[in-house]
Amino acid sequence: MIPKYDIEYSLMREAVERAACEAATDVTAKSAHLRLADRYADRAWGDREQRCADNEC
Numbered sequence: 006m007i008p009k010y011d012i013e014y015s016l017m018r019e020a021v022e023r024a025a026c027e028a029a030t031d032v033t034a035k036s037a038h039l040r041l042a043d044r045y046a047d048r049a050w051g052d053r054e055q056r057c058a059d060n061e062c
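Residue numbers 6 to 62, in the working numbering, belong to the letters of the sequence shown in order.
Next comes the structure, spelled out in structure tokens:
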């Protein structure tokens, strides 16, 4: 079972990384923040799908 906290944490971190991407002035930093945001989003959705598969939506 995947705790709902993990999903919420991943979504919160995604938002933080997207904000950092917008604030960054360096292209390399923007790219790194965007990649991290995408990873957090993928993790959140993967965790959510697993929770639903376990019938715990």
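All C-beta atoms in this analysis are idealised placements derived from N, C-alpha and C, irrespective of residue type, glycine included. The structure presented is a predicted model; accordingly, all values stated were derived computationally and were not measured.
Please report the Cβ distance between residue i and residue j, rounded to the nearest whole angstrom; I am assuming they are in contact, meaning their Cβ atoms lie under 8 Å.
i, j, result
"alanine 2", "glutamate 19", "Only positions 6 to 62 of the chain appear in the structure, and residue 2 is not among them; the question remains open."
"aspartate 52", "isoleucine 12", "5 Å"
"arginine 40", "serine 15", "No, arginine 40 and serine 15 are not in contact; Cβ-Cβ is about 14 Å, not under 8 Å."
Which word fits residue i, buried or exposed, when buried means at least 16 other C-beta atoms lie within 10 angstroms of its C-beta?
i, result
"glutamate 22", "buried"
Please report the straight-line C-alpha distance between residue i and residue j, rounded to a whole angstrom.
i, j, result
"aspartate 63", "alanine 58", "Because residue 63 is not part of the residues shown, which for the chain are 6 to 62, the question remains open."
"alanine 34", "methionine 17", "19 Å"
"alanine 29", "glutamine 55", "33 Å"
For chain D, check one thing: does any of its Cβ atoms lie closer than 8 Å to the Cβ of residue i?
i, result
"glutamate 27", "Absent here is chain D; the protein component of the structure consists of one chain."
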